[in-house]
Every structure is written in structure tokens, then in C-alpha cells.
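Report on one structure; see the data block that follows.
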Amino acid sequence: MKKKVAFICIHNSCRSQMAEGWAKELGSDLFEVYSAGTEKYKEVKPLAVEAMKEVGIDISLQYPKLLSEIPEEVDILVTMGCGVVCPFISNSLMEDWGIVDPSGGSIDDFRIARDKIKTKIEDLIKREKSR
Numbered sequence: 001m002k003k004k005v006a007f008i009c010i011h012n013s014c015r016s017q018m019a020e021g022w023a024k025e026l027g028s029d030l031f032e033v034y035s036a037g038t039e040k041y042k043e044v045k046p047l048a049v050e051a052m053k054e055v056g057i058d059i060s061l062q063y064p065k066l067l068s069e070i071p072e073e074v075d076i077l078v079t080m081g082c083g084v085v086c087p088f089i090s091n092s093l094m095e096d097w098g099i100v101d102p103s104g105g106s107i108d109d110f111r112i113a114r115d116k117i118k119t120k121i122e123d124l125i126k127r128e129k130s131r
């Protein structure tokens, strides 16, 4: 049975969206993947879409979701480093990845975040496979 994993941030417009893309690409055999934010936002940041497209992952159809749009209970809850507290999402494991928000920065800032998120996803997959 796949584990439910949720990536949470404030706007669900950048880091959590990239994490969702990576987790679906690299961990689709292990995870049922969600991402959401604590505040409403209009779109996934275009530079996040562009940075992911560079590595062959299309997140252009993803959209910002609120916490109320994902399951109330997940196995793994990951906050991206934005100080988000999610006491109302039940989970078995919670981690904060401390990824710097590239919003407002250059495409290189988005690439750095993208690559750090990939490394974190790969580590999460490795840990889950060894359980």
C-alpha cells in the first residue's frame, strides 16, 4: 500500500509544487503525493514550472491548493522551511526541509531549490524503502 505524503508551504506555488513533481516522478511506486498551502495563491510560479521542465518534469498543470483540499490524514507530512504549522493534519512522520524560498529570485535560485528538493526526495525514498 502506498504511503500518503504531503508537501506543505504557505502559498503552494513553488517549493511544495516542485516537491510534488519530484515525488510523483521518483516515488510513484511508494507514494500517493499531495501538496498544499496555508494561504490561497493564484498560480504555480512560472520559474518553478520552467526549472522543473528543464529536468523533464511537467508541473504546468498543477495548481495551488489549500490544506482543506488534501486528505486530513497522511503518513508523511513535509513542510518546506516556511514556518508552517499544520496541527490539524494527522501524520505518522513530520519533517521540515528548510528549503530557501526562491520566489522573487532568478531562475538560478529556482534551480538551486529544485536540486535540493530532489536530493531530499531521493533520501526520503531511500529511507522508506529500508523500512
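For the sequence shown, position 93 (counting from the first letter as 1) is numbered 93 according to the UniProt record's numbering, and the numbering increases by one without interruption. Don't be surprised by glycine CBs; every beta carbon is placed ideally from N, CA and C. Only a predicted model underlies this, so the values are computations on that prediction, with no experimental measurement involved.
Cα-Cα separation, residue i to residue j
i, j, result
"E122", "E43", "26 angstroms"
"K45", "E73", "27 angstroms"
"M31", "P71", "Per the sequence shown, the amino acid found at residue 31 is Phe instead of Met. Near 14 angstroms, if we compare the C-alpha coordinates of P71 and F31."
"Y41", "I59", "16 angstroms"
"G104", "F110", "10 angstroms"
"I8", "T38", "8 angstroms"
"P102", "E54", "16 angstroms"
Sheet register partners of residue i (DSSP bridge)
i, result
"T79", "I8 and D96"
"K2", "Paired residue(s): none; K2 is not in a bridge."
"L66", "G37"
"S90", "E73"
7 angstroms Cβ cutoff met for residue i and residue j
i, j, result
"M80", "S13", "no"
"A36", "L67", "yes"
"residue 179", "M18", "An answer regarding residue 179 cannot be provided, because it is not within the stretch 1 to 131 covered by the chain."
"K116", "I99", "yes"
"A23", "R114", "no"
"K4", "D75", "yes"
Environment of residue i [buried if 16+ CB atoms lie within 10 Å]
i, result
"K120", "buried"
"G56", "exposed"
"L61", "exposed"
"E20", "buried"
"K129", "exposed"
"G27", "buried"
"K118", "buried"
Give, in chain order, every unbroken run of the alpha helix (DSSP H) that is at least 4 residues long and sits entirely within the stretch 24 to 49. Listed in chain order, nothing qualifies, since the stretch 24 to 49 has no complete alpha helix (DSSP H) run of 4 or more residues.
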